[in-house]
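A.B. asks:
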Amino acid sequence: MKLLFPVFLFFAVHIQEISAQARKETPNVFIITTDGFRWQEIFNGGDPALMSNTEYVEDTSLIRQLYGGATTEIRRQKLLPFFWNVISQSGQLYGNRNYDNKADVRNFYKISYAGYNEIFTGYADPKLVPNTPSNNKNTNIAGYFNGLQEYKGKVVAFSSWNIFPYILNEQQNDFPVNSGYENFPATDSVMTTLDRVQDSIHDKTACRYDILTFLIAKQYIQQQHPKVIVLSFGETDEFAHSGRYDKYLQRANDVDRMISELWYNVQTDPFYKNNTTFIITTDHGRGKKNNTWPAHHLFVKGSGEIWLAMMGRGIEEKGEIKTAGQIYQNQIAQTIAGLLGEEFTANHSTGKPIELHPLTEQDKYTWKQSFNASK
Ligand SMILES: [Zn+2]
388 MKLLFPVFLF FAVHIQEISA QARKETPNVF IITTDGFRWQ EIFNGGDPAL
438 MSNTEYVEDT SLIRQLYGGA TTEIRRQKLL PFFWNVISQS GQLYGNRNYD
488 NKADVRNFYK ISYAGYNEIF TGYADPKLVP NTPSNNKNTN IAGYFNGLQE
538 YKGKVVAFSS WNIFPYILNE QQNDFPVNSG YENFPATDSV MTTLDRVQDS
588 IHDKTACRYD ILTFLIAKQY IQQQHPKVIV LSFGETDEFA HSGRYDKYLQ
638 RANDVDRMIS ELWYNVQTDP FYKNNTTFII TTDHGRGKKN NTWPAHHLFV
688 KGSGEIWLAM MGRGIEEKGE IKTAGQIYQN QIAQTIAGLL GEEFTANHST
738 GKPIELHPLT EQDKYTWKQS FNASK
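When we follow my numbering, the leftmost residue of the sequence shown carries the number 388, and every step to the right adds one.
1) Roughly how many angstroms lie between the CA atoms of S475 and M697, to the nearest whole one?
2) Are the CB atoms of I693 and H671 within a distance shorter than 8 angstroms?
3) I need the DSSP call for S566, collapsed to helix, strand or coil.
4) Among all the DSSP beta bridges, which residues are the ones paired with G699?
5) Hey, how far is the Cα of R595 from the Cα of L480?
6) Could you tell me how far apart the beta carbons of I418 and I666 are, in whole angstroms, since I believe they sit closer than 8 angstroms?
7) Counting only the same chain and skipping the five closest in sequence on each side, list residues whose C-beta sits under 6 angstroms from that of I450.
8) Between which residues of its own chain and Q408 is the CB-CB distance below 6 angstroms, once the five residues before and five after are set aside?
9) Per DSSP, what kind of secondary structure is Y715 in: helix, strand or coil?
10) Could you check whether the Cβ of H612 sits closer than 7 angstroms to any heavy atom belonging to ligand 1?
11) Under 8 angstroms by Cβ, that's how I've got R493 and Q716 pegged, so tell me the actual separation to the nearest angstrom.
12) Using a Cβ distance threshold of 8 angstroms, determine whether the segment 513-533 contacts the segment 553-571, with at least three qualifying pairs required.
13) K497: which of V577, S690 and G433 sits nearest, CA to CA?
14) Rounded to the nearest angstrom, what separates G712 and G423 at their Cα positions?
15) Please indicate yes or no: does the CB of H735 lie closer than 7 angstroms to some heavy atom of ligand 1?
16) Name the DSSP beta bridge partners of I418, please?
17) Check the DSSP bridge columns for A573 and list the partner residues they point to.
18) Can you give the beta carbon distance from F507 to A720, rounded, assuming they're within the 8 angstroms contact cut?
19) Quick check: L695 and G482, are their CB atoms within less than 8 angstroms of each other?
20) Looking only at its own chain, which residues have a Cβ that is under 7 angstroms from the Cβ of Y659, when we skip the five neighbours before and after it?
21) According to the neighbour-count rule (16 or more other Cβ atoms, all chains shown, within 10 Å of its Cβ), is E442 buried or exposed?
22) Comparing C-alpha positions only, which one of T421, Q452 and T420 sits nearest to G433?
23) Helix, strand or coil, according to DSSP, for E729 in the structure here?
24) Quick check: the Cα distance between G728 and L555, rounded to an integer number of angstroms?
25) Between which residues of its own chain and Q609 is the CB-CB distance below 8 angstroms, once the five residues before and five after are set aside?
26) Between which two residues does the beta strand (DSSP E) holding N488 run?
27) In whole angstroms, what separates the C-alpha of G540 from that of P613?
28) Are the CB atoms of F545 and T600 nearer to each other than 8 angstroms?
29) Any heavy atom of ligand 1 closer than 7 angstroms to the beta-carbon of D624?
30) Since Q479 is in the beta strand (DSSP E), which residue starts that stretch and which ends it?
31) May I have the straight-line CA-CA distance separating Y607 from P552, to the nearest angstrom?
Next comes the structure, spelled out in structure tokens:
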């Protein structure tokens, strides 16, 4: 029996090393989208002319109190505090055309199905798929990861819009895509309650309330610790189409807060802490003029202009990118694969990964320290 202690110790240390190594090699990613939210509001905050326009805003003075301000810096910080207090310090923000830093879609159509297809498959499909329930034949990054041994059964998607099961081809890819007002199999009293809330909503549309999408996702994430998470909000686009600039800003402000809460939960959960990357973007832009902003499609100028925010593991703290440059939506999928240490292979071409500046030795040291501390 005397021998057992050192043997046990050896295995205990060894197991700890293996699990640390395994965790390092299989990091986690959250791919978060908010539908049709313009780069103009991300980087400039609420537009003063639109916030004062009674055609689009019910109470212009209250909206200006909430989101107005003398400078773009004040306005954007009021509208999106997580983006401009946290991501701007600890992550990267692409697409501020005031600095000639451009992010664009590659697809012709500039509508949602085409945009989400391009984000998740890395392929700007020349074929038009209207926003209808038709299964996507292209290979998507979430399905690809679900096919890898390390990520099998650890991939999940939650969306407000009910077309996501087709865009991500849930049928073929065999990972859960919870969309629209679809109930989630109740695993505890919280999920049961959320299902009941969904059942009680009478005016169901194609787009679920974002708060419900968020609460279901949050509960699942806390319990199941998935490693690749797609979380897609939809209300920003809904209110823009109905010409409600006040509601469009309020929903964007909600999305910012929900992302903030998720990030806080991630950084206080040993499973995710310092081993998780957030990728946040949108499927398309919208009209750039004060009378075209509610719309987006092929013929509305500005509809192809998007933005991209990234933060977490593997992302250098560069903040807002203020140099001229160009990235495209079809580069996002391969960038995500690179962050997870993989190359994404698909049944079609894919955009090349965005050049992420490698971590410096100091960054690696700091990351290792915080990683060890979190064990
Ligand atoms: Zn739309």
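Ideal placement from N, C-alpha and C gives every residue a C-beta, glycine not left out.
Quick caveat: nothing in here was measured; it's all calculated off a predicted structure.
C.D. replies: To lay it out plainly:
1) The sequence position of residue 475 within the sequence shown is 88, counting from 1. The sequence position of residue 697 within the sequence shown is 310, counting from 1. Rounded to whole angstroms, S475 to M697 spans 10 angstroms at the Cα level.
2) The residue given as residue 671 occupies position 284 in the sequence shown. The residue given as residue 693 occupies position 306 in the sequence shown. Their beta carbons are under 8 angstroms apart, which means H671 touches I693 by this criterion.
3) On the sequence shown, position 179 is the one that residue 566 refers to. DSSP places S566 in strand when its eight states are reduced to three.
4) Counting from one through the sequence shown, the residue named residue 699 turns up at place 312. DSSP, once it has assigned bridges, lists T664 as partnering G699.
5) Translated into the one-based positions of the sequence shown, residue 595 becomes position 208. Translated into the one-based positions of the sequence shown, residue 480 becomes position 93. Spanning the two alpha carbons is a distance of roughly 28 angstroms.
6) Position 31 of the sequence shown, counted from the first residue, corresponds to residue 418. Position 279 of the sequence shown, counted from the first residue, corresponds to residue 666. With 8 angstroms as the limit, I418 and I666 qualify as a contact, their Cβ atoms being about 5 angstroms apart.
7) In the sequence shown, counting from the first residue as 1, residue 450 sits at position 63. Cβ within range, chain order: M438, V444 and D633.
8) Stepping through the sequence shown from its first residue, residue 408 is reached at position 21. Because the pLDDT of Q408 is 43, which lies under 50, any placement of that residue in the model is unreliable, and the number read from its coordinates should be weighed accordingly. Correct list: empty, nothing qualifies.
9) Here residue 715 is taken as the residue at index 328 of the sequence shown, counted from 1. Y715: strand per DSSP, three-state reduction.
10) Locating residue 612 in the sequence shown gives position 225, where the first residue counts as 1. Answer for H612: no, Cβ out of range of ligand 1.
11) Counting from 1 along the sequence shown, the entry for residue 493 is found at position 106. Counting from 1 along the sequence shown, the entry for residue 716 is found at position 329. R493 to Q716, Cβ: 6 angstroms. Contact.
12) yes
13) Mapped onto the sequence shown, residue 497 falls at position 110. When only C-alpha atoms are compared, the closest one is S690.
14) Translated into positions along the sequence shown, residue 712 becomes position 325. Translated into positions along the sequence shown, residue 423 becomes position 36. Straight-line Cα distance between these residues: approximately 22 angstroms.
15) The residue labelled residue 735 in the question sits at position 348 within the sequence shown. No, ligand 1 has no heavy atom inside 7 angstroms of this Cβ.
16) If you number the sequence shown from 1, residue 418 lands on position 31. Per DSSP, V617 and I666.
17) Indexing the sequence shown from 1 puts residue 573 at position 186. A573 pairs with nothing; no bridge assigned.
18) If you number the sequence shown from 1, residue 507 lands on position 120. If you number the sequence shown from 1, residue 720 lands on position 333. Going by Cβ atoms, the distance from F507 to A720 rounds to 6 angstroms, so yes, they are a contact pair.
19) In the sequence shown, counting from the first residue as 1, residue 695 sits at position 308. In the sequence shown, counting from the first residue as 1, residue 482 sits at position 95. For L695 and G482, yes; Cβs fall inside 8 angstroms.
20) Counting from 1 along the sequence shown, the entry for residue 659 is found at position 272. If we look at Y659 and ignore the five residues flanking it on each side, its Cβ neighbours are N415 and V653.
21) Within the sequence shown, residue 442 is the residue found at index 55, counting from 1. Counting Cβ neighbours within 10 Å, E442 comes out exposed, since fewer than 16 surround it.
22) In the sequence shown, the residue the question calls residue 433 occupies position 46. Among T421, Q452 and T420, the Cα nearest to that of G433 is on Q452.
23) In the sequence shown, the residue the question calls residue 729 occupies position 342. DSSP places E729 in coil when its eight states are reduced to three.
24) Walking along the sequence shown from the start, residue 728 turns up at place 341. Walking along the sequence shown from the start, residue 555 turns up at place 168. If you take the alpha carbons of G728 and L555, they lie about 22 angstroms apart.
25) By one-based count along the sequence shown, residue 609 stands at place 222. Contacts found: N652 and D656.
26) Counted from its first residue, the sequence shown places residue 488 at position 101. Segment N488 to D491, the beta strand (DSSP E) holding N488.
27) For the purposes of this step, residue 540 is taken as the residue at position 153 of the sequence shown. For the purposes of this step, residue 613 is taken as the residue at position 226 of the sequence shown. Answer to the nearest angstrom: the Cα atoms are 8 angstroms apart.
28) Within the sequence shown, residue 545 is the residue found at index 158, counting from 1. Within the sequence shown, residue 600 is the residue found at index 213, counting from 1. Their beta carbons are under 8 angstroms apart, which means F545 touches T600 by this criterion.
29) As a first step, residue 624 must be located in the sequence shown, where it is residue number 237. Yes, Cβ of D624 sits closer than 7 angstroms to a heavy atom of ligand 1.
30) Here residue 479 refers to the residue found at position 92 of the sequence shown. Per DSSP, Q479 belongs to the beta strand (DSSP E) from G478 to Y481.
31) Residue mapping note: residue 607 aligns to position 220 of the sequence shown, counting from 1. Residue mapping note: residue 552 aligns to position 165 of the sequence shown, counting from 1. So the alpha carbons of these two residues sit roughly 18 angstroms apart.
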